[in-house]
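Going by the numbering used here, the first residue of the sequence shown is number 468, and it counts up by one from there.
Ideal placement from N, C-alpha and C gives every residue a C-beta, glycine not left out.
To keep things clear, I will list the structure first and then write my remarks on it.
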Amino acid sequence: MGEQKPSQKAEAAVQSVDRALLVLEILATAGQAGATEIAAELGVHKSTVSRLIAVLESRGYVEQTSERGKYRLGFAISRLARASSGHLDLVKLSQDVCDALASDVGETTNLAILDEARIVNIVEAIGPEQITLRSWVGQSCPAHATSSGKVLLAGLEPAEVRNRLPTTLESFTANTVVRISDLESELATARERGWACVVEELEIGLNAVSAPVYDFNSNMIAALSVSGPAYRFGQDRFSEVAKKTTAAADVISRRLGWVERDRG
Numbered sequence: 468m469g470e471q472k473p474s475q476k477a478e479a480a481v482q483s484v485d486r487a488l489l490v491l492e493i494l495a496t497a498g499q500a501g502a503t504e505i506a507a508e509l510g511v512h513k514s515t516v517s518r519l520i521a522v523l524e525s526r527g528y529v530e531q532t533s534e535r536g537k538y539r540l541g542f543a544i545s546r547l548a549r550a551s552s553g554h555l556d557l558v559k560l561s562q563d564v565c566d567a568l569a570s571d572v573g574e575t576t577n578l579a580i581l582d583e584a585r586i587v588n589i590v591e592a593i594g595p596e597q598i599t600l601r602s603w604v605g606q607s608c609p610a611h612a613t614s615s616g617k618v619l620l621a622g623l624e625p626a627e628v629r630n631r632l633p634t635t636l637e638s639f640t641a642n643t644v645v646r647i648s649d650l651e652s653e654l655a656t657a658r659e660r661g662w663a664c665v666v667e668e669l670e671i672g673l674n675a676v677s678a679p680v681y682d683f684n685s686n687m688i689a690a691l692s693v694s695g696p697a698y699r700f701g702q703d704r705f706s707e708v709a710k711k712t713t714a715a716a717d718v719i720s721r722r723l724g725w726v727e728r729d730r731g
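As structure tokens, then:
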């Protein structure tokens with residue numbers, strides 16, 4: 468028999484993936500099943516199913532039950548489910564906290580997540596002041612020029628920060644930090660004090676402070692920020708607002724199962 472052509476190999480790979488997904492769907496519906504039952508459901512030979520199960524089992528997506536020859540979904544499925552629902556959980560668990568903080572400090576609050584070298588705002592609450600900023604929810608912004616971005620970058624290893632960011636950072640105002648070494652110094656400060664700030668770095672007239680949000684494994688997964696016009700939200704307010712922002716961020720973290728760390 469001749470060697471398979473590239474197109475045939477690709478088709479076979481796609482078919483294997485499709486069958487593996489069908490195995491998972493069958494187990495999800497049945498609760499548990501043996502290779503023979505699954506093979507009958509798929510209309511393939513038992514040996515084919517056994518190979519698929521072996522791969523899925525090695526990855527934790529399938530596991531054997533106490534009953535010999537029976538399989539069920541593994542723990543890895545739960546891990547994927549938690550990951551996919553994580554952002555929805557963040558929105559549900561943090562909106563009222565953002566609302567309360569915005570009302571307390573009188574400025575706009577946002578919850579953001581890191582996406583490579585940028586942040587994406589997923590929750591927002593507008594402050595009670597008549598003059599407010601434009602909506603940031605759903606917006607993607609450069610991490611190095613935002614307070615949330617600096618907090619989230621500070622949660623990474625220095626080598627990872629360098630891998631994510633370009634050698635020369637884009638400038639948006641005269642205050643934007645454009646040298647990696649200067650940014651690293653700011654990130655070190657953010658790690659030490661537990662919050663970050665920007666002074667008109669993304670937009671002229673826009674200031675912000677931000678604090679980290681942690682999950683149940685103490686992984687930094689988001690940042691809660693307060694932003695406002697510089698004439699109203701000046702640097703003289705940063706320390707006070709950062710304290711309230713950190714407390715609010717901790718409320719969200721505890722809702723996610725985080726156990727409060729020692730702040731030294």
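Am I right that residue i and residue j are in contact with their C-beta atoms under 8 Å? What's the rounded C-beta distance?
i             : j                 : result
glutamate 668 : phenylalanine 639 : 7 Å
lysine 711    : aspartate 571     : 6 Å
serine 694    : leucine 723       : Between leucine 723 and serine 694 the Cβ distance is about 23 Å, and since that is not below 8 Å, they are no contact.
alanine 612   : alanine 592       : Wrong, their Cβ atoms sit about 22 Å apart, outside the cutoff.
Bridge partners of residue i, per DSSP?
i              : result
isoleucine 586 : Leu581, Cys608
proline 679    : Ala690
asparagine 630 : Answer by DSSP bridge pairing: none, since asparagine 630 is not bridged.
tyrosine 698   : Paired residues: none, contrary to the question.
valine 558     : Answer by DSSP bridge pairing: none, since valine 558 is not bridged.
asparagine 674 : Val666, Gly695
Excluding sequence positions up to five away, which residues of its chain have a Cβ less than 6 Å from the Cβ of residue i?
i             : result
alanine 663   : Ser614, Lys617, Val618, Ala657, Ser677
glutamate 574 : Gly594, Val693, Gly695, Phe700
Taking 8 Å as the limit between beta carbons, can you name the residues of its chain near residue i, skipping five residues before and five after?
i             : result
glutamate 583 : Arg631
lysine 537    : Gln499, Ala500, Gly501, Gln531
leucine 519   : Ser483, Arg486, Ala487, Val490
tyrosine 698  : Gly672
glutamate 653 : Lys617, Val644, Ala663
Would you call residue i buried or exposed, if buried means 16 or more other Cβ atoms sit within 10 Å of its Cβ?
i              : result
leucine 488    : exposed
serine 607     : exposed
isoleucine 688 : buried
glycine 661    : buried
isoleucine 580 : buried
proline 633    : exposed
serine 561     : buried
glycine 510    : exposed
asparagine 684 : exposed
If I measure Cβ to Cβ from residue i and keep anything under 7 Å in the same chain, skipping five residues before and after, which residues do I get?
i              : result
isoleucine 493 : Ala500, Ile505, Glu508
threonine 732  : Look at the range of the chain in this structure, 468 to 731, and you will see that residue 732 is not part of it.
asparagine 642 : Val666, Glu667, Glu668
alanine 543    : Arg526, Gly527, Tyr528
glycine 622    : Pro679, Met687
Quick check on DSSP: helix, strand or coil for residue i?
i             : result
glutamate 591 : strand
glutamate 478 : helix
arginine 526  : coil
alanine 655   : helix
alanine 500   : strand
leucine 540   : strand
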